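Q: Mind looking over this structure? Questions follow.
There are 2 protein chains.
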Amino acid sequence: METLRVELGERSYPIHIGSGLLDRLPSLLPPLHGKQILVVTNTTIAPLYLDQVVAGLTGFKVDTLVLPDGEQFKTLDTLNQIFTALLQHRHNRTTTLVALGGGVIGDITGFAAAAYQRGVDFIQIPTTLLSQVDSSVGGKTGVNHPLGKNMIGAFHQPRCVIADTDTLNTLPERELAAGLAEVIKYGLIRDPDFMTWLEGAMPALLQRDPVALTYAIRRSCEVKAEVVGADEREGGLRAILNLGHTFGHAIETAQGYGEWLHGEAVGAGMLMAADLSCREGMLSTAEVQRTETLLRAAGLPVRGPDAMSVETYLDKMAVDKKNIDARIRLVLLRRLGEAIVTNDFSPANLRATLAHYSA
Amino acid sequence: METLRVELGERSYPIHIGSGLLDRLPSLLPPLHGKQILVVTNTTIAPLYLDQVVAGLTGFKVDTLVLPDGEQFKTLDTLNQIFTALLQHRHNRTTTLVALGGGVIGDITGFAAAAYQRGVDFIQIPTTLLSQVDSSVGGKTGVNHPLGKNMIGAFHQPRCVIADTDTLNTLPERELAAGLAEVIKYGLIRDPDFMTWLEGAMPALLQRDPVALTYAIRRSCEVKAEVVGADEREGGLRAILNLGHTFGHAIETAQGYGEWLHGEAVGAGMLMAADLSCREGMLSTAEVQRTETLLRAAGLPVRGPDAMSVETYLDKMAVDKKNIDARIRLVLLRRLGEAIVTNDFSPANLRATLAHYSA
Chain A
1 METLRVELGE
11 RSYPIHIGSG
21 LLDRLPSLLP
31 PLHGKQILVV
41 TNTTIAPLYL
51 DQVVAGLTGF
61 KVDTLVLPDG
71 EQFKTLDTLN
81 QIFTALLQHR
91 HNRTTTLVAL
101 GGGVIGDITG
111 FAAAAYQRGV
121 DFIQIPTTLL
131 SQVDSSVGGK
141 TGVNHPLGKN
151 MIGAFHQPRC
161 VIADTDTLNT
171 LPERELAAGL
181 AEVIKYGLIR
191 DPDFMTWLEG
201 AMPALLQRDP
211 VALTYAIRRS
221 CEVKAEVVGA
231 DEREGGLRAI
241 LNLGHTFGHA
251 IETAQGYGEW
261 LHGEAVGAGM
271 LMAADLSCRE
281 GMLSTAEVQR
291 TETLLRAAGL
301 PVRGPDAMSV
311 ETYLDKMAVD
321 KKNIDARIRL
331 VLLRRLGEAI
341 VTNDFSPANL
351 RATLAHYSA
Chain B
360 METLRVELGE
370 RSYPIHIGSG
380 LLDRLPSLLP
390 PLHGKQILVV
400 TNTTIAPLYL
410 DQVVAGLTGF
420 KVDTLVLPDG
430 EQFKTLDTLN
440 QIFTALLQHR
450 HNRTTTLVAL
460 GGGVIGDITG
470 FAAAAYQRGV
480 DFIQIPTTLL
490 SQVDSSVGGK
500 TGVNHPLGKN
510 MIGAFHQPRC
520 VIADTDTLNT
530 LPERELAAGL
540 AEVIKYGLIR
550 DPDFMTWLEG
560 AMPALLQRDP
570 VALTYAIRRS
580 CEVKAEVVGA
590 DEREGGLRAI
600 LNLGHTFGHA
610 IETAQGYGEW
620 LHGEAVGAGM
630 LMAADLSCRE
640 GMLSTAEVQR
650 TETLLRAAGL
660 PVRGPDAMSV
670 ETYLDKMAVD
680 KKNIDARIRL
690 VLLRRLGEAI
700 VTNDFSPANL
710 RATLAHYSA
């Protein structure tokens, strides 16, 4: 097991990464304020890991809530189901929520913890590669609104994160690839050596080799923690973590949540960002090609949805949270391994990129 | 105009109190981050003050949202209407929400500001006495759940509060009395001189004398700011602000939100707290009588709802947020002007108090 500590003053917390961690829960839990725990999971994960997790929480009064699985359920209505469960079981403000599942479970449970009685503790047990590398660090929680993704939420840090690589053995191939999109992102935005390592290690990662996975998760969390540690509430640097996300969110919103996986949309979006960076004279065509090759090797889509028009992209991109006073801001690549946030690009180049990947 | 500054480090903000302030908005607004404003108000307040407020927000892109009036609409569904309005009008994270109305509008708009894009600015323009003295300080925002009041929310400080005493001229008598309950509370928990002043000034307050009102609001906010400043996130001292609230919440929850006004329920609850304090050997019967006389002079109920049983009280009180591991904690009075938080009281005395005020 490897342990990475996210340094955030009094809200610092550990991320434990490795194989067999669900069997070692008692030794990994931080001291909790109370005796009540609500484990929130979904219909896919519950039959696989819920009993194992509950068995590890001896000495606590454990309640469980099984939500439907899917991004389309990341709503205020589902959030309210968590509040209802907490109130029905009379959880007080010393309770701890445990999020057992992927990014949707983590985001919605984290937001429930942020808002229940104006804030209680929570622990993340991410069971997808995407959530292990992405939701583990940063404290972003929230739900979607029909008019925009992740528009409602809070910054709320977990007390600890437990990322068991064994849970990835039950992960569908498509979701593994979606997770690899975010892993690749950390190479693209900040670590060219990691990108080179990924080009070599991709076959091992796709075979779910635990050693390769542990390194990929650890390095991804490290990069994210560096960036977040420097900018906890997203004033500046942190925005580079959104490489591909403005394009990706447009795809997800236009298609309706749940059609494209988040990581798939981000994968296609990162390639669009690379292409626009090339048109803006920053990346070479060879570097765009190298990005595409790596995404393709991971099994990710390298273009947008067929029916999606340039106008639809632009319309959906206009409500992105990074925008200030209605100008679209994007994360672009100055080179492979270095990202910038800018609204200084040619609208014609943006249109050309969008047309290229939707044609 | 008097201005009180709530000192909370980088989240410090001013409370402006006085007559005619809505006509002076431009000079009272703090510097805002962006050009977008959403004014949230309700169907009662909109015809009275919305035009005046919008007229004072020159130079901004102002949208408005008029919600139904009443505690029964302080729900996640109504909250979502605010998010929908913000997204439909494409408000970004530099937007500012303005809460124009009473406590419900302030709480729900403040929570919308806390959660929209994980946090935007908001300004409070409270138009009831209750919200001017209670919601102005403390940063508590939130909505109700059918199983419990204020169970969902966030701590989120306003950028400034503008309390115009002229808006109290349109306040129904019953709501004025409900606000006076909270004013009386500040005397009871921390300031015996203020309680004495209130006994003399009650006729002027009921006649809405602006000088008396300005002093009552200012002194209430000062006491609350002292308490909150010492304990921003409700670890200890701050809980004394809940004098009467555990009883009051039980009344509100049992009756369904909207039947009793919050201040009315708190008024009856404070008398119950005083009575229990007397049974516990802290207050004299004369002091309980003095409390009852002042509450009665303010036009407040001095007993609970007729049909409410002791068991119903105890059941509803058991989910209160102050409880730790299922023991009921209450704010009691050591003497008039000094409150304590304790679970060290006789259950039999609690039952006797509840029986006395529901018989």
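Going line by line, the protein sequences match chains A and B. In terms of our numbering, the first sequence opens at residue 1 and continues consecutively. In terms of our numbering, the second sequence opens at residue 360 and continues consecutively. Using N, Cα and C, we set each Cβ at its ideal position, and we do this for glycine too. Quick caveat: nothing in here was measured; it's all calculated off a predicted structure.
Determine whether the Cβ of A/K334 lies closer than 8 Å to any Cβ atom of chain B.
A: Stepping through the first sequence from its first residue, residue 334 of chain A is reached at position 334. It is Arg, not Lys, that sits at residue 334 of chain A in the sequence shown. Taking Cβ atoms only, chain B never reaches closer than 8 Å to A/R334, which makes this a no.
Q: Quick one: what does DSSP say A/K185 is sitting in, helix, strand or coil?
A: Residue mapping note: residue 185 of chain A aligns to position 185 of the first sequence, counting from 1. It is helical.
Q: Could you list which residues in chain A have their beta carbon closer than 8 Å to that of B/N601, in chain order?
A: Along the second sequence, one-based indexing puts residue 601 of chain B at 242. By Cβ distance, chain A contributes nothing, its closest Cβ being about 13 Å from B/N601, past 8 Å.
Q: Taking the runs of the alpha helix (DSSP H) that are 4 residues or longer, which of them lie wholly in the region 395–428 of chain B?
A: 410–414
Q: Answer yes or no: do B/T500 and B/G512 have a C-beta to C-beta separation smaller than 8 Å?
A: Taking the first residue of the second sequence as 1, we reach residue 500 of chain B at position 141. Taking the first residue of the second sequence as 1, we reach residue 512 of chain B at position 153. Against a cut-off of 8 Å, the Cβ pair of B/G512 and B/T500 comes out as a contact.
Q: Tell me, please, whether the CB atom of B/R688 is closer than 8 Å to any CB atom in chain A?
A: Counted from its first residue, the second sequence places residue 688 of chain B at position 329. No - not a single Cβ of chain A is within 8 Å of the one on B/R688.
Q: Classify B/S371: buried if its beta carbon has 16 or more other beta carbons within 10 angstroms, exposed otherwise.
A: Your numbering for residue 371 of chain B matches position 12 in the second sequence. By the neighbour-count rule (16 or more Cβ atoms within 10 Å), B/S371 is not buried but exposed.
Q: Hey, how far is the Cα of A/L213 from the Cα of A/V133?
A: Here residue 213 of chain A refers to the residue found at position 213 of the first sequence. Here residue 133 of chain A refers to the residue found at position 133 of the first sequence. Going from the Cα of A/L213 to the Cα of A/V133 covers about 10 Å.
Q: Using the Cα positions of B/L381 and B/Q411, report the straight-line distance between them to the nearest angstrom.
A: The sequence position of residue 381 of chain B within the second sequence is 22, counting from 1. The sequence position of residue 411 of chain B within the second sequence is 52, counting from 1. Distance between the alpha carbons of B/L381 and B/Q411: 7 Å.
Q: Using a Cβ cut-off of 8 Å (strictly closer), state whether B/N439 contacts chain A.
A: Indexing the second sequence from 1 puts residue 439 of chain B at position 80. Cβ-Cβ to chain A under 8 Å: yes for B/N439.
Q: Any C-beta of chain A sitting closer than 8 Å to the C-beta of B/T443?
A: Residue numbering aside, residue 443 of chain B sits at position 84 when the second sequence is read from its first letter. At least one chain A Cβ lies under 8 Å of B/T443.
Q: Looking only at C-alpha atoms, which of A/A177, A/R327, A/V211 sits nearest to A/G267?
A: For the purposes of this step, residue 267 of chain A is identified with residue 267 of the first sequence, where counting begins at 1. Checking every option, the nearest Cα to that of A/G267 belongs to A/A177.
Q: Does any residue of chain A bring its CB to less than 8 Å from the CB of B/F514?
A: Start at 1 with the first residue of the second sequence, and residue 514 of chain B comes out as number 155. With 8 Å as the cut-off, B/F514 counts as an interface residue toward chain A.
Q: Under the rule that 16 or more other beta-carbon atoms within 10 Å means buried, what is A/R218, buried or exposed?
A: Translated into the one-based positions of the first sequence, residue 218 of chain A becomes position 218. Counting Cβ neighbours within 10 Å, A/R218 comes out buried, since at least 16 surround it.
Q: Using Cβ-Cβ distances below 9 Å, what residues of the region 487–500 of chain B are close to chain A?
A: K499, T500
Q: Identify the residues that DSSP records as bridge partners of B/G377: which are they?
A: The residue you call residue 377 of chain B lines up with position 18 of the second sequence. B/G377 pairs with B/D523.
Q: Taking only beta-carbon atoms, is B/Q476 less than 8 Å away from chain A?
A: Stepping through the second sequence from its first residue, residue 476 of chain B is reached at position 117. Answer yes: the Cβ-Cβ gap between B/Q476 and chain A drops below 8 Å somewhere.
Q: Nearest by alpha-carbon distance to B/E361: which of B/T437, B/G696, B/K544, B/A522 is it?
A: To locate residue 361 of chain B, count along the second sequence from 1; it is residue 2. When only C-alpha atoms are compared, the closest one is B/A522.
Q: Going straight from the alpha carbon of B/K508 to that of B/G696, what length do you get?
A: Residue 508 of chain B sits at position 149 when you count from the first residue of the second sequence. Residue 696 of chain B sits at position 337 when you count from the first residue of the second sequence. When rounded, the distance between both Cα atoms is 27 Å.
Q: Between B/D552 and B/G546, what straight-line distance do the alpha-carbon atoms span, to the nearest angstrom?
A: The sequence position of residue 552 of chain B within the second sequence is 193, counting from 1. The sequence position of residue 546 of chain B within the second sequence is 187, counting from 1. Between B/D552 and B/G546, the C-alpha separation is close to 7 Å.
Q: Using the Cβ count rule (16 or more neighbours within 10 Å means buried), how would you classify A/V211?
A: Numbered from its first residue, the first sequence carries residue 211 of chain A at position 211. Taking a 10 Å sphere around the C-beta of A/V211, we find fewer than 16 other C-beta atoms and assign the residue as exposed.
Q: For B/Q483, would you say it is in contact with chain A, using Cβ-to-Cβ distances shorter than 8 Å as the test?
A: Along the second sequence, one-based indexing puts residue 483 of chain B at 124. No, its Cβ sits nowhere closer than 8 Å to a Cβ of chain A.
Q: Per DSSP, what are the beta-bridge partners of A/T141 in this structure?
A: Position 141 of the first sequence, counted from the start, is the residue given in the question as residue 141 of chain A. According to DSSP, A/T141 bridges with A/A154.
Q: Decide if B/G663 is buried, meaning its Cβ has at least 16 other Cβ atoms within 10 Å, or exposed.
A: Mapped onto the second sequence, residue 663 of chain B falls at position 304. Per the 10 Å Cβ criterion, buried.
Q: Does any C-beta atom of chain B lie closer than 8 Å to the C-beta of A/I152?
A: Here residue 152 of chain A corresponds to residue number 152 of the first sequence, with the count starting at 1. Yes, its Cβ sits closer than 8 Å to a Cβ of chain B.
Q: With DSSP as the reference, identify every bridge partner of B/R364, one or two as the case may be.
A: Here residue 364 of chain B is taken as the residue at index 5 of the second sequence, counted from 1. Answer by DSSP bridge pairing, in chain order: B/P373.
Q: Straight-line CA distance for B/E581 to B/D703?
A: As a first step, residue 581 of chain B must be located in the second sequence, where it is residue number 222. As a first step, residue 703 of chain B must be located in the second sequence, where it is residue number 344. Going from the Cα of B/E581 to the Cα of B/D703 covers about 29 Å.
Q: Given a threshold of 16 other Cβ atoms within 10 Å of its Cβ, counted over all protein chains shown, does A/R174 qualify as buried or as exposed?
A: In the first sequence, the residue the question calls residue 174 of chain A occupies position 174. A/R174 counts as exposed, since fewer than 16 other C-beta atoms from the protein chains shown sit within 10 angstroms of its C-beta.
Q: Would B/H504 count as contacting chain E if we go by Cβ distances under 8 Å?
A: Structure shown: chain E not included; protein chains present are A and B.
Q: Less than 8 Å separating the beta-carbons of A/I108 and A/L79?
A: Taking the first sequence and counting its residues from 1, the one referred to as residue 108 of chain A is at position 108. Taking the first sequence and counting its residues from 1, the one referred to as residue 79 of chain A is at position 79. Taking 8 Å as the Cβ cut-off, A/I108 and A/L79 qualify as a contacting pair.
Q: Given a threshold of 16 other Cβ atoms within 10 Å of its Cβ, counted over all protein chains shown, does A/P26 qualify as buried or as exposed?
A: By one-based count along the first sequence, residue 26 of chain A stands at place 26. Classification of A/P26: exposed, given that the 10 Å Cβ count is below 16.
Q: Helix, strand or coil: how does DSSP classify A/D121 here?
A: Here residue 121 of chain A refers to the residue found at position 121 when the first sequence is read from its first residue. Three-state DSSP puts A/D121 in a strand.
Q: Going by alpha carbons, who is nearest to B/L564 out of B/L530, B/V365, B/L620, B/T417?
A: If you number the second sequence from 1, residue 564 of chain B lands on position 205. Sorting B/L530, B/V365, B/L620, B/T417 by C-alpha distance to the C-alpha of B/L564 places B/L530 at the top.
Q: If you draw a straight line from the C-alpha of B/Q483 to the C-alpha of B/S490, how long is it?
A: In the second sequence, residue 483 of chain B corresponds to position 124, counting from 1. In the second sequence, residue 490 of chain B corresponds to position 131, counting from 1. Cα to Cα, B/Q483 sits roughly 9 Å from B/S490.
Q: What did DSSP end up calling A/D74 once you bin it into helix, strand or coil?
A: Start at 1 with the first residue of the first sequence, and residue 74 of chain A comes out as number 74. Residue 74 of chain A is actually Lys in this sequence, not Asp. Three-state result, A/K74: coil.
Q: Any C-beta of chain B within less than 7 Å: which residues of the region 61–81 of chain A qualify?
A: L76, N80
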